[in-house]
Each structure stands twice: as structure tokens, then as C-alpha cells.
Amino acid sequence: MKAGSRSRASENALVAEQIRLLSGPIRRDLVSKLGGPTFMALAEASGSNADCVARLYLGRKGCGCQTTLFLLEKCRSMNLRQMLKIGMDVEVMARKVAVSMALLHWGAKVDGRGVKFILGGSCETASRPENAELSSHGTGSPGAASSTNGVRSSAARQEATRRTTKLWLLDFHRVRPMTMDNQGLANASRAIWFNEPFFPRPLQSLQIQKKAWNAFAMSYIAASDIILRENDEKQFLELPRLVICRLVHLERKLGPSRDAE
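Quick note, the sequence shown lines up with residues -8 to 252 if you use the numbering used here.
Right, dumping it as C-alpha cells:
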């Protein structure tokens, strides 16, 4: 996304790229870490151990019973507990989400209504040494020829594993133009709050929830400041802070009813 100046708003654009599914080896590793041998066997038996993408639900702490759902959906969701279980850096993900929303709000000037964040594959691949395949070849010993298919399938698995995994932003069909006034602030804050699964929530009890929210809020303000200053819109520097304040207000006012559902 190009964050253009206000006078060149018509030149703002999104760069479209195909979102690849997470590769089989990565998928199997996720299932293994989240559910262990039992869930791995279930996934293999059900045929659901296919490539997938994973929605990142930074706003949901989750529970252990949701691992089964992770196995059954093509577009799977991953909550905070699951992210911690596989060793994902939740604060880094929260910062990436925050910067993306700052770009939408103050760069592209849209409210971000209905957007989604997923982990998916990319056309890019990670680099590896040129001689990495040498150890896969036989040395002329008996049985070397019969291992050719195994070498090929191993190479295919390595290629799939080496594909980079990225955080993707998608579904822009519901976004609305954002004005630099109270109505625009209301639209931006409600677009985040009512899209709760994908965004950290303020005023939560768990330590990981607090860390995710703090990382999101600080990064959103910092990224917004940079964008507004680069666009020569310093008069709007207060607005990102007001968005964060409105999110806290919405959580305080409506959060208890959401948790009771």
C-alpha cells in the first residue's frame, strides 16, 4: 500500500498478490504442536491435513477444545492460546496488525471495515545453500537407485517448507472512505471494535492479552504519526490517539455484554 499525501489521494493504491496456502509440512507441524499425536492421526484419517490458511484471532484467548475446529476448516482460526502454544510472538503480530490499520486509516483514508488478517504462504521462497541437495544423493551403494522417488518427494517437501509465510490483509469490499472528523473517528474505531476476533482488546485480564493490546496501541500511534508527518498532515496527529481512546471506551461500555454472549 502506498501512503500518499492528501493532495494526491487519488494515487493511493493497494498492491494485489496471490495468497498461497500454507504448505503441507507447515500445516502438519501446526497440527502436531497444537494437538499432538492424537490430533495428527485424526487429521490424517479424515483427510483434512491439507494445505490451508489460518486466521489470526488476536482478540480471542480461546480454549483447548478449539483445536478440533482447527483440524476441520479449510480457513482455520488461531487464537491467543494456540499462538502461544506454537511459540508465535503475539506482540510482533499485534504490531503488524496495528501498522496495517494505520496505513488504511491515515494513508489510504479508509476505515478498514471488515478486513481480515490471515497467515498464508507466499510466492517467495527462503534461500538455501547451493549444495543443500548433495546429502540427498546416493553414493552408488545397493538400493541407491530405488531411493530416487524418496529423494524427489523429500525435495518437494523442502521446497514447500522453504516458502515464506506472511501475514496477509484481505477483504476490502466493505471498507468506506474515512473523513478527518468525529464521524471518521467513530467509523474507524467501530470498524476495529466490531471486527473483534482480529484485533487485541483493551481492559483484559490475561497477561498475554495485555501485552497484545499494548503492542497494538503503541504501534498504531507510532505508525500513524509517521504517516501523517510524511503526508504533511500534522494537524491530525491527535486523531490516532482518539481512535485508541474510543476503543477503550467501547470496551468499557460494551465489552461485558460481548463476553456474556
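Glycine included, C-beta positions come from ideal geometry on N, C-alpha and C.
Fill in: Below-8 Å beta-carbon distance, residue 208 vs any chain D residue
The chain inventory of the structure shown lacks chain D, comprising one protein chain alone.
Worksheet item: Which full runs of the beta strand (DSSP E) of 3+ residues lie inside the segment 71 to 106, going along the chain?
Response: none
Practice prompt. Apply the 10 Å Cβ neighbour rule to residue 226 and answer buried if 16 or more other Cβ atoms are within range, or exposed otherwise.
Written response: The residue given as residue 226 occupies position 235 in the sequence shown. Exposed: under 16 other Cβ atoms inside 10 Å.
Discussion item. What ranges does the alpha helix (DSSP H) occupy inside the segment 158 to 225, keeping only unbroken runs of at least 4 residues that lie completely in it?
Written reply: 173 to 184, 198 to 221
Worksheet item: What is the residue span of the beta strand (DSSP E) that residue 46 lies within?
Response: Along the sequence shown, read from residue 1 onward, the residue named residue 46 stands at position 55. Counting along the chain, the beta strand (DSSP E) containing residue 46 begins and ends at 44 to 47.
Discussion item. Per DSSP, what are the beta-bridge partners of residue 68 in this structure?
Written reply: Here residue 68 is taken as the residue at index 77 of the sequence shown, counted from 1. Answer is 46, bridged to residue 68.
Item to complete: Let me know if residue 160 comes out buried or exposed under the rule of 16 or more other beta-carbons within 10 Å of its beta-carbon.
Response: Start at 1 with the first residue of the sequence shown, and residue 160 comes out as number 169. Counting Cβ neighbours within 10 Å, residue 160 comes out buried, since at least 16 surround it.
Worksheet item: Given residue 285, which residues of its chain have a CB within under 7 Å of its CB, disregarding the five upstream and five downstream residues?
Response: Lying before the first or after the last residue shown, residue 285 is absent from the chain, which here runs from -8 to 252.
Practice prompt. Could you check if residue 173 is buried or exposed, using at least 16 other CB atoms within 10 Å of its CB as the buried criterion?
Written response: For the purposes of this step, residue 173 is taken as the residue at position 182 of the sequence shown. By the 10 Å Cβ count, residue 173 comes out exposed.
Worksheet entry | Own chain residues within Cβ distance below 7 Å of residue 162, not counting five before or after | Stepping through the sequence shown from its first residue, residue 162 is reached at position 171. Answer for residue 162: 105, 106, 107, listed in chain order.
Worksheet entry | Coil, strand or helix - residue 234 by DSSP | Numbered from its first residue, the sequence shown carries residue 234 at position 243. Residue 234 falls in the helix class under three-state DSSP.
Discussion item. Can you give me the C-alpha to C-alpha distance between residue 157 and residue 210, rounded to a whole angstrom?
Written reply: Locating residue 157 in the sequence shown gives position 166, counting from the first residue. Locating residue 210 in the sequence shown gives position 219, counting from the first residue. For residue 157 and residue 210, the distance between alpha carbons rounds to 19 Å.
Item to complete: Put residue 239 into one of helix, strand or coil per three-state DSSP.
Response: Against the sequence shown, residue 239 aligns to sequence position 248. In the structure shown, residue 239 sits in a helix (DSSP, three-state: H, G or I).
Worksheet item: Thinking C-beta only, is residue 103 closer than 8 Å to residue 92?
Response: For the purposes of this step, residue 92 is taken as residue 101 along the sequence shown, with counting starting at 1. For the purposes of this step, residue 103 is taken as residue 112 along the sequence shown, with counting starting at 1. Yes.
Practice prompt. Within its chain, find whatever has a CB closer than 6 Å to the CB of residue 207; leave out the 5 residues flanking it on each side and keep chain order.
Written response: Position 216 of the sequence shown, counted from the first residue, corresponds to residue 207. Hits under 6 Å: 85, 89, 191.
Discussion item. For residue 188, which residues in the same chain have their Cβ closer than 6 Å to its Cβ, ignoring the five residues on either side in sequence?
Written reply: By one-based count along the sequence shown, residue 188 stands at place 197. Hits under 6 Å: 48, 50, 51.
Practice prompt. Use the C-beta contact count for residue 200: other C-beta atoms within 10 angstroms, 16 or more gives buried, fewer gives exposed.
Written response: Counting from one through the sequence shown, the residue named residue 200 turns up at place 209. Buried, since its Cβ has 16 or more Cβ neighbours within 10 Å.
Fill in: Nearest-angstrom Cα separation, counted from residue 236 out to residue 180
Here residue 180 refers to the residue found at position 189 when the sequence shown is read from its first residue. Here residue 236 refers to the residue found at position 245 when the sequence shown is read from its first residue. Those two C-alpha atoms are separated by around 9 Å.
Discussion item. So for residue 245, helix, strand or coil by DSSP?
Written reply: Within the sequence shown, numbered from 1, the residue matching residue 245 stands at position 254. Helix, per DSSP.
Discussion item. With a threshold of 8 Å on Cβ separation, who are the neighbours of residue 183 within its own chain once the five nearest residues in sequence on each side are excluded?
Written reply: Locating residue 183 in the sequence shown gives position 192, where the first residue counts as 1. The answer, listed in chain order, is 92, 103, 190, 234, 238.
Worksheet item: Count the other CB atoms within 10 Å of the CB of residue 243; is the residue buried (16 or more) or exposed (fewer)?
Response: The count along the sequence shown starts at 1 and reaches residue 243 at position 252. Exposed: under 16 other Cβ atoms inside 10 Å.
Discussion item. Between 87, 232, 9, 82, which has its C-alpha nearest residue 177's C-alpha?
Written reply: Residue mapping note: residue 177 aligns to position 186 of the sequence shown, counting from 1. Among 87, 232, 9, 82, the Cα nearest to that of residue 177 belongs to 232.
Worksheet item: Assuming residue 101 and residue 166 make a contact with CB atoms under 8 Å, what is their CB distance in whole Å?
Response: Numbered from 1 along the sequence shown, position 110 holds the residue referred to as residue 101. Numbered from 1 along the sequence shown, position 175 holds the residue referred to as residue 166. About 4 Å; that satisfies the 8 Å criterion.
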